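Okay, so here's the structure we're looking at.
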Amino acid sequence: MPIARYLPRFLESTLRRAAREFPAIVLTGPRQSGKTTLLQHLFGRTHTYVSLDPPDVRAAALTDPRGFLDLYPAPVILDEVQHAPELLSFIKARIDQRRQRRGAYVLTGSQNLLIAQHVSESLAGRAGIFRLLPFSSREAGQRRGTSPIWQAHPRWTSEPSRHGPGLWQSFVRGCYPELVVETARDAPRWLASYVQTYLERDVRLLRQVGDLSLFQSFLRVLAARSGQLLNLADISRDLGMALNTAKAWLSVLEATYQVVVVRPYFANVGKRLVKTPKVYFTDTGVLCYLMSLGDPVHAAAGPMAGAIMETAVLGELVKDQLNQGREARIHFWRTSTGSEVDFLLERDATVIPIEVKASSTPRPAMAAGIDALRRDLGVRIGPGYVVHAGERVLPLGGGVTAVPFGLL
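Just add 75 to wherever you are in the sequence shown, counting from 1, and you've got the working numbering.
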């Protein structure tokens, strides 16, 4: 079913600027995140569109790449280029030999492992690489004039949340474009189809997974531990699978943008790479589907409420950074004594602490972790925020402000 209308994406200005700077643009992201729709909206009038998804088109590109590029000369949009990554070497040659104008080749793909490897080998210095995730809260609400929480404005002190009682409904439904635009669409059915399609296509392409039912069990166990310290040894033991298999499957999920790995914050960057991370799903709708949470009331009142809320907030932080063409540098902080802050956003020379609470009633005690962080870290700590499910902005003292999710 086609999407009924187009909602502008915040990445548009970043892509337009990149098209004036690079001969090629590469846009990656999970399936159904709106990559094709966005690029056709931006470049549909100036570029020919070719999808490499149909087997016959893919075969033509692989059999005779030079002839294929002659048939579809620049400027051109090549969709799902991971199906024919060999094309990138021939595109590089054309960029170098013919000195193609900026924005001549616009490429999309759904699998980071395949694309990143070939782009780094063939188009290094010639391509701007960007990621598009499902809608952010501000995109879905078309709040283009608003700012993220680390660029707070005084008007927030008197402005209530715009989400209201529909907040948990939006979490359960998720942020994929079809579900945001087509409000009458059956979300559980769409999400079931999405997960099944993902299993059949992306997983089998990246890894020869023989037992898809076991992989789906792995997905559900991972969802149940969302936001917790990740212990793959425990998960592999519970499922009766090899640890190396669990590691490989996690890498598949990360490469196809289904999960985000968040590592602990240390002033020593090297330590971040070896300490135990947390894993979050990219979309709250997929998380709720895997946990069989189709009722917003049950989601808000159940044991997964905190994980769902954290997933939603992390998604907003990551999407805001990616939409600006920035790397999303987000960590968590945890001490052996139990002090913890859910997310630390590194921006320039400042670390911005963000605590997440599923409660609708913020209290000063919720800022205890941020207070401990300020005492412990010898780095510049910016204003702190407690993101909650309520409707009002409130000062909590010590440079910490309680902010409703609906104002992110």
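Ideal Cβ positions, reconstructed from N, Cα and C, are used throughout, including at glycine.
None of the values given here were measured: they were computed from a predicted structure.
Query, Result
"Three CB pairs or more closer than 8 angstroms across the region 204-216 and the region 89-102", "yes"
"Selected residue, minimal CA-CA separation from R264, among L471, L365, Q115", "L365"
"Reduced DSSP secondary structure (H/G/I, E/B, other) of E96", "coil"
"Presumed contact (8 angstroms Cβ cut-off) between A442 and L471, rounded CB distance", "5 angstroms"
"C-alpha distance - G444 paired with S414, whole-angstrom precision", "5 angstroms"
"Alpha carbon of R176 to alpha carbon of E430, nearest angstrom", "46 angstroms"
"Neighbour-count burial assignment, Y273, 16 or more Cβ in a 10 Å radius", "buried"
"N-terminal and C-terminal residue of the alpha helix (DSSP H) that R133 is part of", "130-138"
"Given 8 angstroms, three or more beta-carbon pairs between the region 389-401 and the region 320-328", "no"
"Whole-angstrom distance between T112 and E466, CA atom to CA atom", "33 angstroms"
"Closest by C-alpha distance to G249, when choosing among A374, L419, V327", "A374"
"Inter-stretch contact (C-beta, 8 angstroms, three-pair minimum) for the region 395-410 and the region 432-441", "no"
"Boundaries of the beta strand (DSSP E) in which R338 is found, first to last residue", "334-339"
"Nearest candidate by alpha-carbon position, reference S411, set D451, L86, V336", "D451"
"Same chain, Cβ closer than 7 angstroms to R260, neighbours up to 5 away in sequence not counted", "E253, L254"
"Residues sharing a beta bridge with R422, DSSP", "T425"
"Between the CA atoms of S268 and M76 - distance to the nearest angstrom", "Unreliable placement is indicated for M76, whose pLDDT of 40 sits below 50; the coordinate value is still reported in the next sentence. Computed Cα separation, rounded: 13 angstroms."
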